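For reference, the structure discussed in these notes is given below.
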Amino acid sequence: NAGVMQNPRHLVRRRGQEARLRCSPMKGHSHVYWYRQLPEEGLKFMVYLQKENIIDESGMPKERFSAEFPKEGPSILRIQQVVRGDSAAYFCASSPDRGSEQYFGPGTRLTVT
Amino acid sequence: AQSVTQLDSQVPVFEEAPVELRCNYSSSVSVYLFWYVQYPNQGLQLLLKYLSGSTLVKGINGFEAEFNKSQTSFHLRKPSVHISDTAEYFCAGGGQGAQKLVFGQGTRLTINP
């Protein structure tokens, strides 16, 4: 059973461009979580999604950030008009149901130049 | 609101010495606690978790942690560390359902030969 997959592993964007981060949950998992890790800090919750639904987006910045988890395909975290402060590692986790242990992917390291 | 505090940002120890990484939490509701390890440029791997039951939790790689409700602590211990234990360790907590994990700031464990 493959683990949580994230791609790309490294992403470089210039200021003002868009960044798209993908997360494929473990097989059989329908719950996805996104976290952001700024340099020298712990992980901060961003958003929790189930298939086609956003359950909790209390950690998402109000502007430029959006997330989706369509019926088919991976979950996407989209950052529009990136700024230097968006440079961070973005981790995705998945679980089979609400309240179960979360399994983390390897992360996408976004660098904004 | 729940918070998790890791009291030490860095802990250097000698190989084969014991180690304790400290974690305190605050919560007024039922609590789930976790310890994750992050090796350089990798994702998070679950070491152990406390959901309910016995307050002494054993995890992988010889680690264990004790849930102490009166002191609101969940310290991680290992009786004898190895060079390969060098990594960043994160304590995390979740309320009922544990959908949204709150992470501590992380403790960098460095093992000296």
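Chains C and E, in that order, are what the protein sequence lines are.
Just so we're aligned: the first sequence equals residues 23 to 135 in the working numbering.
Just so we're aligned: the second sequence equals residues 1451 to 1563 in the working numbering.
No residue lacks a Cβ here, since even glycine has one placed at the ideal position from N, Cα and C.
Just so you know, these numbers come straight off a predicted model, no measurement behind them.
Taking only beta-carbon atoms, is PHE1513 (chain E) less than 7 Å away from chain C? Within the second sequence, numbered from 1, the residue matching residue 1513 (chain E) stands at position 63. For PHE1513 (chain E), the answer is no, since every Cβ of chain C falls outside 7 Å of its Cβ.
Exercise for review: Would you kindly check if the distance between the Cβ of GLN1555 (chain E) and the Cβ of GLY81 (chain C) is under 7 Å?
Suggested key: For the purposes of this step, residue 81 (chain C) is taken as the residue at position 59 of the first sequence. For the purposes of this step, residue 1555 (chain E) is taken as the residue at position 105 of the second sequence. No. Outside cutoff.
**Prompt:** From E:LEU1506, E:PRO1490, E:THR1560, pick the residue whose C-alpha is nearest to that of SER1523 (chain E); which is it?
**Reply:** Counting from one through the second sequence, the residue named residue 1523 (chain E) turns up at place 73. Considering only alpha carbons, the answer is E:LEU1506.
With a threshold of 7 Å between beta-carbons, can GLY50 (chain C) be considered close to chain E, or not? Taking the first sequence and counting its residues from 1, one reaches residue 50 (chain C) at position 28. Chain E, which has no Cβ nearer than 7 Å to the Cβ of GLY50 (chain C), makes this no.
So what does GLY1544 (chain E) bridge to, in DSSP terms?
Here the question's residue 1544 (chain E) lines up with position 94 in the second sequence. DSSP, once it has assigned bridges, lists E:TYR1482 as partnering GLY1544 (chain E).
Check your understanding: For PRO1529 (chain E), which of E:GLU1465, E:SER1459, E:GLN1460 has the nearest alpha-carbon?
Key -> Here residue 1529 (chain E) corresponds to residue number 79 of the second sequence, with the count starting at 1. With respect to the C-alpha of PRO1529 (chain E), the residue from E:GLU1465, E:SER1459, E:GLN1460 having the closest C-alpha is E:GLU1465.
List, in chain order, every chain E residue whose beta-carbon is nearer than 7 Å to that of GLY129 (chain C).
Locating residue 129 (chain C) in the first sequence gives position 107, where the first residue counts as 1. Chain E residues near GLY129 (chain C): GLY1493.
### Query
Taking Cβ positions, are ALA1515 (chain E) and LEU1498 (chain E) nearer each other than 7 Å?
Here residue 1515 (chain E) is taken as the residue at index 65 of the second sequence, counted from 1. Here residue 1498 (chain E) is taken as the residue at index 48 of the second sequence, counted from 1. When the beta-carbon positions are compared, ALA1515 (chain E) and LEU1498 (chain E) come within less than 7 Å of each other.
- Are the region 123-130 of chain C and the region 35-55 of chain C touching, with three or more C-beta to C-beta distances below 8 Å? They touch, by the three-pair rule.
Using CA coordinates, which residue listed in E:GLN1452, E:THR1455, E:ASN1491, E:PHE1484 is at the minimum distance from ARG31 (chain C)? Indexing the first sequence from 1 puts residue 31 (chain C) at position 9. The residue with the shortest Cα to Cα distance from ARG31 (chain C) is E:ASN1491.
*Check whether the Cβ atoms of GLU90 (chain C) and ILE98 (chain C) sit closer than 7 Å, and answer yes or no.*
Locating residue 90 (chain C) in the first sequence gives position 68, where the first residue counts as 1. Locating residue 98 (chain C) in the first sequence gives position 76, where the first residue counts as 1. Yes; because the gap between Cβ atoms is below 7 Å, this pair is in contact.
Does GLY38 (chain C) pass the burial test, meaning 16 or more other C-beta atoms within 10 Å, or should it be called exposed?
Position 16 of the first sequence holds residue 38 (chain C). By the neighbour-count rule (16 or more Cβ atoms within 10 Å), GLY38 (chain C) is not buried but exposed.
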